[in-house]
Each structure stands twice: as structure tokens, then as C-alpha cells.
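Colleague:
2 protein chains.
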Amino acid sequence: MKKEQVMTFLVIGGDAAGMSAASKLKRMNKNATVTVLEMTEDVSYSACGMPYNIADPDRDMDLLVVRTADVFRQKNQINLLTGHRAEKVSPKEKKVFGTTLSGQSFEFAYDKLLIATGARPVMPNIPGIDLDCVLPLKNLSQGRLIKSFISEKKVKKAVIIGMGYIALEMCEAFGKRGVAVSMVKPGETFLPWMQADLSQMIQDELVQNKVALYAGKTVECIESSQIGARVVLDDLTLDADIVLVAAGVVPCSELAEDAGLELGAGGAIAVDRMLKTSDPDIYAAGDCADAYHVVSGEKCWIPLALRANRAGWAVADNICGVKTELKGVAGTSVFKVFDLQVARTGLTVQEANTAGFSPVENMITARSRAHGHPGSTPILVNMVGDKASGRLLGVQMTGTEGVAHRINAAAVALQTSMTVSEFFQSDLAYAPPFGPVWDPLLTAAGQLLKKM
Amino acid sequence: MKKEQVMTFLVIGGDAAGMSAASKLKRMNKNATVTVLEMTEDVSYSACGMPYNIADPDRDMDLLVVRTADVFRQKNQINLLTGHRAEKVSPKEKKVFGTTLSGQSFEFAYDKLLIATGARPVMPNIPGIDLDCVLPLKNLSQGRLIKSFISEKKVKKAVIIGMGYIALEMCEAFGKRGVAVSMVKPGETFLPWMQADLSQMIQDELVQNKVALYAGKTVECIESSQIGARVVLDDLTLDADIVLVAAGVVPCSELAEDAGLELGAGGAIAVDRMLKTSDPDIYAAGDCADAYHVVSGEKCWIPLALRANRAGWAVADNICGVKTELKGVAGTSVFKVFDLQVARTGLTVQEANTAGFSPVENMITARSRAHGHPGSTPILVNMVGDKASGRLLGVQMTGTEGVAHRINAAAVALQTSMTVSEFFQSDLAYAPPFGPVWDPLLTAAGQLLKKM
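These protein sequences, in sequence, are chains A and B.
FYI, in this note's numbering the residues of the first sequence are 30 to 481.
FYI, in this note's numbering the residues of the second sequence are 30 to 481.
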């Protein structure tokens, strides 16, 4: 397809992937008609920033908006339609049908379609989940709601259902607002996706910050009470002014499924490295689509912001004839739990086993600063390697400093399928305020090699 | 050679490379006689930690000692001889000759010899360089001397000759001790090895912290004065209670040269990837030896602590029959200038030109935290790529946070000869307190790609 060809590009979903694709395609092809259907009123905001914004009552939540709908309309020349819910895709007619918030039906034809419908919070099927004080946190309007709820209802007690990223980040946000937090989840293990010592370090940080943890507890129901709600567990009842549901997310792939598109990992829309679905004129990107894992080579579903942005760009490239294949994801992520930085990339030993590797793991405790340098704190590094191929498979780290950006060195190594031995040879930076002579990652690699 | 064979391993120099080799070899081969000749009284200390220790009058300098001579003698079973200056190596006789500090001659035979004599500060040939208040900072005794000098002489004014790492780090140390600093060097450009915008950011940080910079000024002489010294420049005279000479270092390779060993890059001892010199029974490691550069593939001399430690280990491996080839160095380094973190890895555009590449560079200004997250500060990233091959050649970064460890992602990429395009696909971590969705390194790569 020639760059300047007249074409109609339709996008369902106006968040990271959708708006990245729309903007880039319009930059690459000024003659294209670019229409975005977004069911909410918000586009292009930092969803991951919501917990930190909620933590500060004096910070306007609009600060998280990267670009407003009007800017996209006027400056980027995108036909951005908010309040437009897409309800049906007809690949045969190459049309999308839907209804606006005010109840009007619409239909749009496309030459190329991008489905970027994202993911949505899992709402467990328990009595009381529909109470007014029971809220998830995924989009900006939910963020606004939680923030104003805390202020207006003078919230003092919160129960969080779930112990994932958002749950952990919201502990700090509630804490800063003077809200006492209890966290509940059915599984016995606090964080099953972290090595035990690292998981314990996070648990200690939560307990030190007065978060009450209830792992291995099932929520039977949520009852309305005088102060707001009572969260009833098997053997315990927790009072709450607010209940945050952070029990994970699922991909919004129903629209695609109903249109006959293939689904892939985690029930997300199956896409190839060019983000194409099983229909040659339909792409999918962002949290609703799957991806190749750079370590296992297998399909996976790991909804993360960078991938969504990158995939959006790649869709625009590929539609405009600039072939862009995405190598895949390593699941690199970082989050903050009070003063602790927690990061991971690649596979855990369990994931590596499932993927058919012969994994060996090793945990070390290193120091965040050089010998004799004041202020040093422990850094825990768990590294996983493959006995058969020698490859580095994954790294997890926890510590109060030097974790968040350090993980990226391992992420790059995974991207190029480096062996642990090759990684151990890397020439990493050293200065006393920032780490030991042997970077914690190198010490971890050296120790792991002895086990392999 | 069998691991447990009886052999005599002799090491000249008891710092990072020498003690690493001695300790590891003794661990690998308990029957070996391991003797280390060290001309000073100090072994195994964090030399890079000295500026930070000098900054705090209440911190004992012995905190920088990682392991004492006695521990090496008793626990590691190493015959560690301090105050032993090696003066001649005879490869023909396989012997080393020297004199102790008390004037006694000695000689030692070896089966395998390691020369780990390090580097020494350049002392410019100017009148007054031998005054008592004119001091370099390389070994621990010099560190102790400077520290006690500041306290005892109630130092108020310092002149630093040179603007390298140590000079820059000592600005902060002097500042914390209430000492006013002037820095002088002959070259017109403040930091010729940094891209101009990044160099300016460092210069601004120094000026903001009241450091007076005199680039393009030659020191004609240092005169004794009532308060200590007068540093006489071409058109200016600076008073000083102390003069720190930090005008670079040179490898201590004379002993090797006199023994007929080949010298390599920067006048350092030439070694292969197994750290062998031109004599099959003599190895060299640490700041006295050269190395292969992982980007250019050419020999270079970049004295850094990690390489010294790694090379020491590799020498022990190779002598004990565990073949260990070091891929080489990327020159990855980081240092702190007051509140600023400065890091680099790989080649500058000038170095890349010299090495025969067709380099393109690009400078971006990114933010240290996500859109809408409070406390964000600028991060400058200069990235260099090769137009011909597409390879990533080097990165330089400056900023008040998120620089020190972030550079390692680029260092790993250089280690595996990644292209800028491949690096741009890396799945790096994101969370609002630690950076934007697109990591500054990815933004830099994306922008650089457009130029390539």
C-alpha cells in the first residue's frame, strides 16, 4: 500500500494502543481518514499513574491526561468519537456497528480495522459486588470515583480484594490518605509469582506499613453496613468504608470472538508479529491482544503499557507498508510497594518448567552500595537459567534502591537470548554510591553458573 | 595443568586484580604456593570509595578495607608480603627481584607470574609539584593523607588540577568539608569526552555548587605561600591550602617492559583474551594491562575496577586449566557530581570515527518519571549508532535520578553487538515513579533510528 493512498482506518478503543496507532498512521498518511471509537469520555491518560495520584488529595487527576480528545481532533486530525461503544464487527461487510452513550446507533465502514479494546477488571461473582462502595480501578473515571469517594466519605478503612500490582500499589495510596488497609485473596501463598524470599521481603514491607494480609481467605459476600460494608470471609468479617476489587484483569476480546476472529493466549485476540489477527484487514493491539514471549517463543498474554504503545505504532507502520515485526515481550515490569522497588523480567522457575526448559534458580542477597559506603540496603536477586542451553531465562529483584532500572540490563539480555555465561561477562557500571564493584546482577549470574 | 598440582604462583601487586587472582587460585588449588608482593601496606580496599569517605570527617577510612592483609594470610593461606617492592622480572630465570621498605633484597621464583601493578597518577612536570600540600589521590595512604591534611590544616581552599572522574568526585568531597574548589586544566573544552549538552549539564551542576572552573589554563608553577600554595596560571594566580593533582593516570608497565614483554594500548601491558602476556608463563591484569573493546574489537586501555576483579579471576581460572576468555570491555562507567549522575558506555562519536565506523549521534531530553508524576527531572541521553551496520555504538547519560543503573541496559546491548533497531525492541520496565512508558533509552533509540 502506498503511503499517501486514500484509505479509511477505523480504531476501536482510544487508549494507549488505539491512539498510538491512530496518531502515527495519520502522521504517515495525511490522506487517510482515521476514526477512533472510544466508549468512555477519556483518551490517552496514564492509567498506571492513578494510584500515585489518588495518594495526593491536592493533585488534580487531569494531570494524568497526556493529550485531550480535542487535541487529537484538532492537532492530529483524528475523527475521535468518545461515548461510542462498538458492539459488532462484521468482517464480511468491513463495518463496525454500535451505540452512543445517548442511545443512537452508528455504523462505520473500514479498509483496515484495529481492535484495541483493552482489558477489564475481573469482578468476582459474589453477593454484594454491586454495592456502591465496591469499586475496581482500571479507567480514569473509576480513578476519579475512588479518589472523590475517599475524600467525600472520609474513608478510614479499605479492604482490597486481590494482591496483584494494582492492589499492592493502592496499599501505599490508601496509606498516604490515612486509610487502614486489609488485603484478601483466596490463594494461600502471598505472591505465588515471586520467589519465596523476595515475596517475604514484600510481605514484610506491607506488614511494617500496617497492611493486614489475609491470604487463603475466600470472600463469601459483601454486606452493606452502617459505615459502608462488611466483607465476610470464611471465618472472619472485615469492616470497610471502601472495597477495592483488584483481582486481576481479563482481555476484552468478545467483540473479536463474535466476529469470528481467532483467540490466543489467555483468551486474548491472537495476533502475529505484525499484529494481524486471523482476518487480513483487522489488527489487534494493546491489552486485548496476545504476544510472543521472547524467552519461551510461545504465545502469552501479559498486558503492559509499553507493549500497547509499541504495538499501536507497529500497526500504523504495517498498514502504511513499513513492515514492522515485533520480536515479543519479556514481561518486564516494576512496581513500588511503599519504600520497596519490585521488578521482574522473563520467566519464573515455574513458568520455565511449563515452557519445557530445565530451569535452575538461585537467590542472592547483595548490597545496594559499595563496601564501606554509607546508606547501603539489601537487594535480593533471584535468577533463573536453563541447564540444557545455558540461557538466561528470568530475573526477579527487590530492594529499596537500585532495582527499578537495573532490571532492564537483564531484559535486554533476554531480548537477545543471551546465556548466563555471556551475561556474566557484561561490562556494567560501578561507582560506590550506586552499587558494589560486581553489580548484583553479575554476582547473581556468577552464583547461578555454579549451580548450572 | 591439573587443579591440584603443586606449583608456585607469584603475584606482583596486592590490589583488586592481584588479590582476586591469588584468592581464587588458592581456592582452586590448595597445593599451590601463592605469594603476593605488595609495595604498600594496604591490600584489598575500595579505592573508588575514597572521595566519599574523605567527605565525612567522622567516617574511619579503614571502613574502605574489604579484607585485611592478615585475613588473606590466615584465612586464605596466601603468603602476602606487604612493603615488598618488585624491581625486576627475569622471564629467563623465572624469578622476580626486589627490595623491602626496610632495604632488604629479596628474590622469588615462580611457575606462573601475574603482574598486577596497577596505574599511577600523572604528576605534571611543573615547578612546585613536590610541595607538601600538592597531593595525588590513588592509593589508600594518599587518601588518608588528604583526609588528615584537610582536618589538621583547616583547609579552606583547594585547587584541583585536572577534570577527570576523581577530580569531579572530589569537588563534592571538598564541598562537604566546607572547602572552596577551583578546577584547572589546559584543554579549552570542559569535558571533551562528553557530548556538548551533557557536558554543559555537568558544568552547570558544578557552577551551581560554587566550583570555579578554569579550562584552557596551563599551570606554570606552584609556589609556596603563607597559607599553603599559590597556583600560578598563565594570567591568574589561585590561592590554595591544598592542591589535588588529578590529571589522569598511566599504567605501571615499566617492570613488564624492562622484562621484554610486549606493551599494548595506552602503554599498558599487552594481554590476550586469557590475560596472557607475550611470555607464556606471565599474565597481566588490572589497570596495568590492556583489553579488547567489545564495540571496536580493538585493543584499548580503560582502567576500571570491575575489569580488574574479573581479569584477576580469569587469570586464576586459566592457570588452573579452566579456560576463561574475557570478551572485553565497553568502558561502562558512572560517577556522581553533587546531585547529578553521569554515565557512559561504549564509544563516543569521535571514538567511533577513529575506530572506522560511520557514526551518527542524537541527543534527547527525557523525563525521569512518568507524565503527571510529581518530582520528575530531565534526563539527557546521547546515543551513537553506526550508519553502515546499524549497530549501537555507545550511550552517554546525565540526570539527577535514573541514570546510574539504566546505563547497564545499553552496556548489555553493546556486549552482544545489538543493532539500534534490535535494542529499540527491548521490553524494558515501566512504572510512573521510575520513568516514562517509553524508557529514555528507547526514546533515544527511536530518535536515533530516524537519523540512521
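From the three backbone atoms N, C-alpha and C, an ideal C-beta is built for every residue, glycine too.
Note down, in chain order, each residue of its chain lying with its Cβ closer than 7 Å to the Cβ of Pro465 (chain A), except the 5 sequence neighbours on either side.
Modeller: Same-chain partners within the cutoff: Ala395, Arg396, Ala399, His400.
Colleague: Residues of the region 215–241 of chain A in Cβ contact with chain B at a cutoff of 9 Å, in chain order, please.
Modeller: none
Colleague: Give me, in chain order, the residues of the same chain whose beta-carbon lies closer than 6 Å to that of Glu389 (chain B); leave out the 5 immediate sequence neighbours on both sides.
Modeller: Sequence inspection shows Val at residue 389 (chain B); the Glu mentioned does not correspond to that position. Counting only Cβ-Cβ distances below 6 Å, and skipping sequence neighbours, we find Gly414, Lys416, Lys480, Met481.
Colleague: Decide if Lys365 (chain A) is buried, meaning its Cβ has at least 16 other Cβ atoms within 10 Å, or exposed.
Modeller: buried
Colleague: How long is the line joining the alpha carbons of Pro309 (chain B) and Ser387 (chain B), rounded to whole angstroms?
Modeller: 38 Å
Colleague: Answer yes if the region 71–85 of chain B comes into contact with the region 150–162 of chain B, meaning at least three C-beta pairs across the two stretches below 8 Å, and no otherwise.
Modeller: no
Colleague: Would a check of beta-carbon distances place Cys77 (chain A) closer than 7 Å to chain B?
Modeller: Residue contact with chain B for Cys77 (chain A): present (Cβ-Cβ distance below 7 Å to some residue of chain B).
Colleague: Would a check of beta-carbon distances place Gly428 (chain B) closer than 7 Å to chain A?
Modeller: It does not; no Cβ of chain A falls within 7 Å.
Colleague: Going by C-alpha distance, which of B:Lys352, B:Ser325, B:Ala340, B:Asp346 is nearest Ala384 (chain B)?
Modeller: B:Ser325
Colleague: Taking only runs of the beta strand (DSSP E) that begin and end inside the region 341–417 of chain B, which ones reach a length of at least 3 residues, in chain order?
Modeller: Uninterrupted beta strand (DSSP E) stretches at least 3 residues long and entirely within the region 341–417 of chain B occur at 362–366, 369–375, 388–396, 407–415, given in chain order.
Colleague: Return the bridge partner residues of Ser73 (chain B) from the DSSP annotation.
Modeller: Beta-bridge pairing links Ser73 (chain B) to no other residue.
Colleague: Could you please give me the residues that DSSP links to Tyr321 (chain B) through a beta bridge?
Modeller: Looking at the DSSP output, Tyr321 (chain B) shares a beta bridge with B:Lys328.
Colleague: Quick one: what does DSSP say Gly42 (chain A) is sitting in, helix, strand or coil?
Modeller: coil
Colleague: Name, in chain order, the residues that DSSP records as bridge partners for Leu109 (chain B).
Modeller: B:Val65
Colleague: Counting only C-beta atoms, is His322 (chain B) closer than 7 Å to chain A at any point?
Modeller: no
Colleague: So does the region 445–457 of chain A actually touch the region 441–458 of chain B, counting three or more Cβ pairs closer than 8 Å?
Modeller: yes
Colleague: Determine the DSSP secondary structure at Ser253 (chain B), reduced to helix, strand or coil.
Modeller: strand
Colleague: For Leu267 (chain B), I'd like the list of residues in its chain whose CB is within less than 6 Å of its CB, leaving aside the five on either flank, ordered along the chain.
Modeller: Val188, Ser211, Val260
Colleague: Determine the burial state of Gly216 (chain A): buried for a count of at least 16 other Cβ atoms within 10 Å of its Cβ, exposed for fewer.
Modeller: exposed
Colleague: Measure the C-alpha to C-alpha separation of Lys123 (chain B) and Val432 (chain A) and round it to an integer number of angstroms.
Modeller: 48 Å
Colleague: Hey, out of A:Leu478, A:Asp368, A:Ile393, whose CA is closest to Val463 (chain B)'s CA?
Modeller: Position check: residue 463 (chain B) holds Phe in this sequence, whereas Val was assumed. With distances taken between Cα atoms, Phe463 (chain B) lies closest to A:Asp368.
Colleague: Compare the beta carbon distance of Ala244 (chain A) and Gly191 (chain A) with 7 Å and say whether it is the shorter of the two.
Modeller: In this structure, Gly191 (chain A) does not lie closer than 7 Å to Ala244 (chain A) by Cβ.
Colleague: Do Gly147 (chain A) and Gly341 (chain A) have their CB atoms nearer than 7 Å?
Modeller: no
Colleague: Can you tell me which of B:Val300, B:Asp346, B:Leu273 puts its alpha carbon nearest to the alpha carbon of Ile251 (chain B)?
Modeller: B:Leu273
Colleague: Could you check if Leu290 (chain B) belongs to the surroundings of the ligand MN, using beta carbon to heavy atom distance under 6 Å?
Modeller: Ligands displayed in this structure: none; no statement on the ligand MN is therefore possible.
Colleague: Tell me which same chain residues have a C-beta within less than 8 Å of the C-beta of Met30 (chain A), skipping the five on either side of it?
Modeller: With a pLDDT of 46 at Met30 (chain A), under the threshold of 50, the predicted position of this residue should be treated as unreliable, and no value is reported.
Colleague: Given a cut-off of 7 Å on the beta-carbon distance, is the pair Pro280 (chain A) and Ala294 (chain A) in contact?
Modeller: No, the pair does not count as a contact, with Cβ atoms beyond the cut-off.
Colleague: Does DSSP put Met30 (chain B) in a helix, a strand or coil?
Modeller: Here the model assigns Met30 (chain B) a pLDDT of 46, short of 50, so the residue's position is not dependable and the matter cannot be decided.
Colleague: Which chain A residues are close to Gly315 (chain B), counting only those with a beta carbon under 8 Å from its beta carbon?
Modeller: Neighbours of Gly315 (chain B) on chain A: none; closest Cβ ~12 Å, over 8 Å.
Colleague: From what residue to what residue does the alpha helix (DSSP H) around Ala288 (chain B) run?
Modeller: Where Ala288 (chain B) is concerned, there is no enclosing alpha helix (DSSP H), given that its DSSP letter is neither H nor E.
Colleague: Indicate whether the contact test is met: 3 or more Cβ pairs, each with one atom in the region 102–113 of chain A and one in the region 43–54 of chain A, closer than 8 Å.
Modeller: Contact holds between the region 102–113 of chain A and the region 43–54 of chain A, because three or more Cβ pairs, one in each stretch, are under 8 Å apart.
Colleague: Put Asp99 (chain A) into one of helix, strand or coil per three-state DSSP.
Modeller: In the structure shown, Asp99 (chain A) falls within a helical segment according to DSSP collapsed to helix, strand and coil.
Colleague: For chain A, check one thing: does any of its Cβ atoms lie closer than 7 Å to the Cβ of Gly326 (chain B)?
Modeller: no
Colleague: Output the residue ranges of the beta strand (DSSP E) runs that lie fully inside the region 153–211 of chain A and measure 3 residues or longer, sorted by chain position.
Modeller: 163–165, 186–190
Colleague: For Met90 (chain A), does the three-state DSSP call read helix, strand or coil?
Modeller: In the structure shown, Met90 (chain A) sits in a helix (DSSP, three-state: H, G or I).
Colleague: May I ask you to report which of helix, strand or coil DSSP gives Val213 (chain A)?
Modeller: Reduced to three states, the DSSP call for Val213 (chain A) is strand.
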